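Visitor:
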Amino acid sequence: LYTVQKKGKNEAVATYSVDTGSCTGSYWKSVKLAKANVDAKFASLS
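Here you go:
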């Protein structure tokens, strides 16, 4: 399950577990952004 979310002004595609609704990972437009936001927290869907 995918959603597009924003962290500040940067957009990321966050992936969620269909079973638990918890965030399983995020994908950023660049490696630089991914490294800068490696600890970014996304709200769970549950």
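Per our numbering, the sequence shown runs over residues 690 to 735. Heads up, the beta-carbon is just placed ideally off N, CA and C, and yes, glycines get one too. Every value quoted in this text rests on a predicted model; they were computed, and no experiment measured them.
Taking the beta strand (DSSP E) that V707 falls in, what are its first and last residues?
Guide: Taking the first residue of the sequence shown as position 1, residue 707 is located at position 18. Where V707 is concerned, there is no enclosing beta strand (DSSP E), given that its DSSP letter is neither H nor E.
Visitor: Is the CB-CB distance between C712 and A703 below 7 Å?
Guide: Translated into the one-based positions of the sequence shown, residue 712 becomes position 23. Translated into the one-based positions of the sequence shown, residue 703 becomes position 14. Taking 7 Å as the Cβ cut-off, C712 and A703 qualify as a contacting pair.
Visitor: Under 6 Å Cβ to Cβ from L722, same chain only, skipping five residues before and after it: list those, please.
Guide: Residue 722 sits at position 33 when you count from the first residue of the sequence shown. N699, listed in sequence order.
Visitor: Figure out for me which residue from L734, S733, T709 and V727 has the closest Cα to the Cα of W717.
Guide: Within the sequence shown, the letter at position 28 stands for residue 717. It is V727 whose Cα lies nearest to the Cα of W717.
Visitor: If I follow the unbroken beta strand (DSSP E) through V693, where does it start and stop?
Guide: For the purposes of this step, residue 693 is identified with residue 4 of the sequence shown, where counting begins at 1. V693 -> beta strand (DSSP E) spans Y691 to K696.
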